[in-house]
Each structure stands twice: as structure tokens, then as C-alpha cells.
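Visitor: Per this note's numbering, residue 3 is the first one in the sequence shown, and the count goes up by one each step.
Ideal Cβ positions, reconstructed from N, Cα and C, are used throughout, including at glycine.
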Amino acid sequence: MMEMPTPDPGIVARRDSLARALERLVPGGVVSDDATLVAFDSDALTAYRQKPLLCVLPKTADEVSAVLAFASAEGIAIVPRGAGTSLSGGALPLGDGILLGLSRMNKILEVDFENRCVVTQPGATNLSITKRVEAEGFYYAPDPSSQIACSIGGNVAENSGGIHCLKYGLTTHNLLGVELALLDGTRIRLGGKHGDAGGLDLLGVVAGSEGLLGVVTEATLRIIPRAPVTRTLLLGFADPTAAAATVGAIIADGIIPAALEFMDRRCIQAVEDYCAPGYPDCEAILIAEVDGMEAEAADAATRVSNIAKAQGATAVRECADEADRARVWSGRKAAFPAMGKLQPDMLCMDGTIPRRELPNVLNRMLEMAQRYGLGFCNVFHAGDGNLHPLILFDVMKPGDLEKAEAFGAEILELCVAVGGVLTGEHGVGVEKKALMGVMFSDADLAQQARLKCAFDSGGLLNPGKVFPVLHACVEQGHMHVHEGRMKFGNLPRL
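1) If you count every other CB in all the chains shown that lies within 10 Å of the CB of GLU404, and 16 or more means buried, which is it?
2) Would you mind working out which of LEU89, ARG16 and ALA286 sits nearest ALA272, comparing C-alpha positions?
3) Looking at CYS269 and THR316, is the spacing between their C-beta atoms short of 9 Å?
4) What does the alpha-carbon distance come out to for the pair VAL330 and VAL381?
5) Determine the DSSP secondary structure at VAL483, reduced to helix, strand or coil.
6) According to DSSP, THR222 sits in a beta bridge with which residue or residues?
7) Can you list the alpha helix (DSSP H) stretches of 4 or more residues lying completely in the stretch 47–89, in chain order?
8) Below 8 Å, can you find three or more Cβ-Cβ pairs linking the stretch 86–105 to the stretch 149–163?
9) Do LYS195 and ASN308 have their C-beta atoms closer together than 9 Å?
10) On the DSSP letters alone, give me the boundaries of the alpha helix (DSSP H) that VAL330 sits inside.
11) Per DSSP, what kind of secondary structure is ILE252 in: helix, strand or coil?
12) Along the alpha helix (DSSP H) that carries ASP301, what are the first and last residues, could you check?
13) Going straight from the alpha carbon of HIS148 to that of GLN123, what length do you get?
14) Quick one: what's got a C-beta closer than 6 Å to THR232's C-beta in the same chain, skipping five residues either side?
15) Going along the chain, which residues of its own chain have a beta-carbon closer than 7 Å to the beta-carbon of LEU414, five neighbours each way excluded?
16) Count Cβ pairs between the stretch 94–111 and the stretch 353–370 that sit closer than 8 Å; are there 3 or more?
17) Since LEU364 and THR243 should fall inside the 8 Å C-beta cutoff, what is the C-beta to C-beta distance between them, to a whole number of angstroms?
18) Give me whichever residues DSSP pairs with VAL33 in a beta bridge.
19) Near GLU220, what residues of its chain come up, given a Cβ to Cβ distance below 8 Å and the 5 sequence neighbours on each side ignored?
20) Given that a residue counts as buried once 16 or more other Cβ atoms are within 10 Å of its Cβ, and exposed if not, what is SER19?
21) Taking GLY333 and GLY213 to be in contact with their CB atoms under 8 Å, please state how far apart those CB atoms are, rounded to whole angstroms.
22) Output needed for GLU25: all residues of its chain with C-beta closer than 6 Å, excluding positions within five of it in sequence on either side, in chain order.
23) Taking 8 Å as the limit between beta carbons, can you name the residues of its chain near THR127, skipping five residues before and five after?
24) Report yes if the CB atom of ILE289 is closer than 9 Å to the CB atom of LEU223, and no otherwise.
25) By DSSP's criteria, GLY164 is part of a beta bridge. Which residues make up the other side?
26) Which residues share a DSSP beta bridge with PHE140?
27) Compute the Euclidean distance between the alpha carbons of GLY280 and THR234, then round it to the nearest angstrom.
28) Helix, strand or coil: how does DSSP classify LEU424 here?
29) Count the other CB atoms within 10 Å of the CB of LEU55; is the residue buried (16 or more) or exposed (fewer)?
30) Which of the three DSSP states is assigned to LEU237 in this structure?
31) Compute the Euclidean distance between the alpha carbons of PRO95 and SER44, then round it to the nearest angstrom.
32) Hey, how far is the Cα of VAL158 from the Cα of ASP458?
33) Let me confirm a value: GLU324 is counted as buried when at least 16 other C-beta atoms fall within 10 Å, else exposed. Which label applies?
34) Are the CB atoms of LEU394 and LEU344 within a distance shorter than 9 Å?
35) With a Cβ-Cβ cutoff of 9 Å, do VAL217 and LEU192 count as a contact?
36) Buried or exposed: which applies to ARG357, given that a residue is buried once 16 or more other Cβ atoms fall within 10 Å of its Cβ?
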């Protein structure tokens, strides 16, 4: 068990008065009783839990600004939270901080087909954007596996991707603008329907900033027309490394699939038991999707099939119709929940590597799994090398969580060693902050901390995330050090 951080006793003693003050700012939106706060004590990285001091659930941007200004004046930390689907602990609360939940800000404010964009509050779910525009033949491209639940504000914070990010990009490529509430309550607009006005790329900084710089109160998103034709292929392999080599061969042939997903045998079996999508009995599969005009999609599908056969594919078939295609994708979307049939707990890692390293890294991860003696499945966005190895364990079994964490850290270190990065779309949060020094030099981290300080000199926005060590803000001649919020060893565990 990790040592629990010690909340500031002065703030805890003031909880009731703080709740009354916040209730005046957000009527009916303050949660302060211990029993209800348990519902907010973690995000999807459930191995770590901490009840917040208070939870505030605003409905408007003005209420968000009022809460931020209050917290700034009182010197109380703020942790923004969307739908709580973060897999890196990005929304883990603080025992002496306010959890700012944005789930009630869930309205789509405007649909503008002429400018091909949607303006939405941050609590709207990812999938709701597509549902709103699909009747007119449009959709929102980023599609994380949690898209039915995850919110746009959280997508912006973590720069989420998804199955179709290979061709159509991550959140940052589909984000046209934001309204951002700063710690003092002021709100600024970055970008918009007609793009950025130039100058510093602050919109690019906000995408993926993990709630460290401000709180998104509105987002303008690009929507795109559906391709006239989409063709989906299911490719089976007797050797996972042959599947990995096929990925590189497809891209090398000049084909950019809309999606190119990998699953290994253990994941295939778990998914078949869970929802029976009809995958072939093999060691690995690729789901390849190509789209475009009819001739373009047909040519790409033929080339992908031929490449897979040349690489030794044992099963190659194209989905017969939309129902068949939906069934194939249902298995990929269900991969995470299907793991519950294998073990009660899971860590989903998120390293990204050059495609050429896929065969090597897959073999190295299998060796690690044998060494750590833990269950292990591979399911990931193969086209852009974004790995999502699933480490399976039982948190109630002594030593299992520690082994899972060590296994995950070794995978991420390998990703960096072969020329990759620590995260593709899940963010750093608390999960990876101790590994930031593997990828970044001290000078790199100091520069990142300076950027954080430019927005948040008091260090009150989501402290304890991303940065591996204590840091100071000295831009104004002041120093702000937050003991107990920045050290990995102070995180609470189950």
C-alpha cells in the first residue's frame, strides 16, 4: 500500500464553510458528503483512489469561472474531470482539493454545416457529436474506444485519438478552437470556426495539456463528410510478427488506411467469448479499413489483400455488408471490457513506436510477460504504432499490482528506446510521470514547467500530474512548491 497524501488540515476543517461558499456560486451543484464523494474517487485507472475534499458540478461557463476565481483566491487546488474515462489517472482527485466535474455541461451549442464544424460544451460525449450530424452525411473523426462515454473536454485534455486516427488525425487535428477558463476565472478564445489568427500556437498547447493550463468551457470541432465507399478487411495470421510486418508493408506501398488495428490470440479469444464477432482462429488479426471513391477503395482493398497474402496471412476476407462490418468492429470496441473474463484488474499502457519496430517490440513484450508471470494481451492502433498492451492482474493478490506497474514501465522504456514516445493518446497523468525523465532531459522538463507556470503560477491546476519532481514558479519572483502532490510515492492505492 502506498502512503496516502496528507490533506491540509486547515482546508479540511473548513470543508463546510467552503461548501456553503461554493453552493452560492453553483446552486445545487456541490457534493460534500463522504458517501457521495466515493463515486468520484478515481478515474479509469482504478488502482489509485482518493476522495476529493469537495466536488463541484457547474452547468455554465460563468459558473466554471466563478469556481476557478474562488479557488485561486482561497489557494485551493482544482482537478478538472470530464467523464472519468482517463486511463492514466489524469482526473485523480486530491484530498484537499476541489474536483471540478464538467459532465453537466453537455449541450451541443451549434451545428454549422456550411463551415463544417460543431460548437459544443465540454461535457458532451464524443459519440454524441457524430450522432448529431450523421443524418447529413457527416461525422466527427476521433473515435476512442470509450467514445460512447468519454467527453469532448477530456478528449481535448488528453489529445485523444481512436481507431480512425491514422488517416483522419487525433483531437488536435480536428480541434478548431476552444474557450478556455484560466485560474483567475477569466476566459479566452483560441482559434475558432475560421482557424487561428496566427502568432503563438496556444491552441496546440491546450490540446493534450491534461488540465494543467486551464479548463475548456467550449470547443469548436471539425466535422467531415463520410467517404462514399468504405471497405473493411479481416486478416488472420499464424505469426504475430507477420501481422506486424504487414502493417509496415501496407504503409510502404503508399496506402493510408482509415484504420489498421491489431489483436493477438489471447485478446481474440477473450473477445470471442464476450461478444462473438466471428474472428478467425489464429495467432493475430489485423482489421484494415480503406475508404474513398469506389474505384479508390476497391484498389486499396485489393492491394491490402495481396500484401497480407504475400506476408503469409492464413485468412483474408472482406466484410460482406454493413452488418458484417459492424460485427467485426464490435469485437475491437469490446476488447477492454472483454478482459474482465480473464482477470479482475487491468493496466492499459499507451506507448507509441515507429512501425518498423513492431515485430521487435511484440517479441520483447512476450519475453517480459513470461518474466513477470502476468497475463498479457495486445490490442492496438497498428497503423500509427500506438500500442495498447493490456496487463492483467488481481489487485487483491499481494505483489500483483507492483509487478504490473514494473511490467508497464519496462514496456514504456522500451518504446522510448526504439525511437518512440511514452504516450499516444492516454496522457501522462500520474501513471507515467515517474518515467518522464526517460524521454525528456532536465532542460526539457524545466521548459515544460515554465509553460505551466505561465498559465498557473500558483500551481493549483491539476497538481501532481505529468511532472516527476517538485517544481517552482519563479517567473514573478515567487516560488510555489507543493509538497506531497508531486511525488509518485505519495499516490493512494486500493
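Guide: Working from what's here:
1) Taking the first residue of the sequence shown as 1, we reach residue 404 at position 402. It counts as exposed.
2) Against the sequence shown, residue 272 aligns to sequence position 270. Ranking LEU89, ARG16 and ALA286 by Cα distance to ALA272 puts ALA286 first.
3) Here residue 316 corresponds to residue number 314 of the sequence shown, with the count starting at 1. Here residue 269 corresponds to residue number 267 of the sequence shown, with the count starting at 1. The answer is no: Cβ separation not under 9 Å.
4) In the sequence shown, counting from the first residue as 1, residue 330 sits at position 328. In the sequence shown, counting from the first residue as 1, residue 381 sits at position 379. Between VAL330 and VAL381, the C-alpha separation is close to 14 Å.
5) Here the question's residue 483 lines up with position 481 in the sequence shown. For VAL483, the predicted model reports a pLDDT of 34, less than 50, meaning its position is unreliable; a value from the coordinates is still stated below. Three-state result, VAL483: coil.
6) For the purposes of this step, residue 222 is taken as the residue at position 220 of the sequence shown. Looking at the DSSP assignment, THR222 forms a beta bridge with VAL121 and GLY179.
7) Qualifying alpha helix (DSSP H) stretches, in chain order: 63–76.
8) These segments touch.
9) Walking along the sequence shown from the start, residue 195 turns up at place 193. Walking along the sequence shown from the start, residue 308 turns up at place 306. It is not a contact, given that the beta carbons lie outside the stated cut-off.
10) Taking the sequence shown and counting its residues from 1, the one referred to as residue 330 is at position 328. Where VAL330 is concerned, the enclosing alpha helix (DSSP H) stretches over 324–335.
11) For this step, residue 252 is matched to residue 250 along the sequence shown. Of the three classes helix, strand and coil, the one that applies to ILE252 here is helix, per DSSP.
12) The residue you call residue 301 lines up with position 299 of the sequence shown. For ASP301, the uninterrupted alpha helix (DSSP H) run begins and ends at 296–312, by DSSP.
13) Stepping through the sequence shown from its first residue, residue 148 is reached at position 146. Stepping through the sequence shown from its first residue, residue 123 is reached at position 121. According to the sequence provided, residue 148 is Ser. The question's His does not apply to it. Distance between the alpha carbons of SER148 and GLN123: 18 Å.
14) The residue given as residue 232 occupies position 230 in the sequence shown. Closer than 6 Å at Cβ, skipping near neighbours: ASP293.
15) Taking the first residue of the sequence shown as 1, we reach residue 414 at position 412. Excluding five sequence positions before and after LEU414, the CB atoms of its chain that fall closer than 7 Å to its own CB belong to MET351, GLY353, LEU424, LYS434 and LEU437, given in chain order.
16) Contact between the stretch 94–111 and the stretch 353–370 is absent, because fewer than three Cβ pairs lie under 8 Å.
17) One-based indexing of the sequence shown puts residue 364 at position 362. One-based indexing of the sequence shown puts residue 243 at position 241. Between LEU364 and THR243 a beta carbon distance of about 6 Å is seen, short of the 8 Å cut, so the two are scored as contacting.
18) The residue labelled residue 33 in the question sits at position 31 within the sequence shown. In DSSP, VAL33 forms a bridge with CYS57.
19) Counted from its first residue, the sequence shown places residue 220 at position 218. A distance below 8 Å between beta-carbons, with the five flanking residues on each side excluded, links GLU220 to the following residues of its chain, in chain order: ALA63, LEU111, VAL121, THR122, GLN123, PRO124, VAL180 and GLU181.
20) Within the sequence shown, the letter at position 17 stands for residue 19. Under a 10 Å Cβ-count criterion, SER19 is classified as exposed, with fewer than 16 other Cβ atoms of the shown protein chains found around its own Cβ.
21) As a position in the sequence shown, residue 333 is number 331, starting the count at 1. As a position in the sequence shown, residue 213 is number 211, starting the count at 1. At roughly 33 Å, the Cβ-Cβ gap does not stay under 8 Å, so GLY333 and GLY213 are not in contact.
22) In the sequence shown, the residue the question calls residue 25 occupies position 23. Answer for GLU25: VAL32, listed in chain order.
23) Position 125 of the sequence shown, counted from the start, is the residue given in the question as residue 127. For THR127, where only same-chain residues beyond five positions count, the Cβ hits under 8 Å are ALA85, ASN108, GLN149, ILE150, ALA151, CYS152, SER153 and ILE154.
24) As a first step, residue 289 is located in the sequence shown; it is residue number 287 there, counting from the start. As a first step, residue 223 is located in the sequence shown; it is residue number 221 there, counting from the start. No. Outside cutoff.
25) Sequence index remark: in the sequence shown, residue 164 carries index 162 (1-based). Residue pairing from DSSP places GLY164 in a beta bridge opposite ASP145.
26) As a first step, residue 140 is located in the sequence shown; it is residue number 138 there, counting from the start. Answer by DSSP bridge pairing, in chain order: PRO227.
27) Locating residue 280 in the sequence shown gives position 278, counting from the first residue. Locating residue 234 in the sequence shown gives position 232, counting from the first residue. As the crow flies, the alpha-carbon of GLY280 is around 14 Å from that of THR234.
28) Position 422 of the sequence shown, counted from the first residue, corresponds to residue 424. Reduced to three states, the DSSP call for LEU424 is coil.
29) Here the question's residue 55 lines up with position 53 in the sequence shown. Counting the other Cβ atoms within 10 Å of the Cβ of LEU55 gives 16 or more, which makes it buried.
30) For this step, residue 237 is matched to residue 235 along the sequence shown. For LEU237, the three-state secondary structure derived from DSSP is strand.
31) The count along the sequence shown starts at 1 and reaches residue 95 at position 93. The count along the sequence shown starts at 1 and reaches residue 44 at position 42. If you draw a straight line from the Cα of PRO95 to the Cα of SER44, it comes to about 7 Å.
32) Start at 1 with the first residue of the sequence shown, and residue 158 comes out as number 156. Start at 1 with the first residue of the sequence shown, and residue 458 comes out as number 456. For VAL158 and ASP458, the distance between alpha carbons rounds to 18 Å.
33) On the sequence shown, residue 324 is found 322 positions in, with the first residue counted as 1. Result: exposed.
34) Mapped onto the sequence shown, residue 344 falls at position 342. Mapped onto the sequence shown, residue 394 falls at position 392. Yes, Cβ-Cβ distance for LEU344 and LEU394 is below 9 Å.
35) One-based indexing of the sequence shown puts residue 217 at position 215. One-based indexing of the sequence shown puts residue 192 at position 190. No. Outside cutoff.
36) Translated into the one-based positions of the sequence shown, residue 357 becomes position 355. Of the other Cβ atoms in all chains shown, 16 or more fall within 10 Å of the Cβ of ARG357; this residue is therefore buried.
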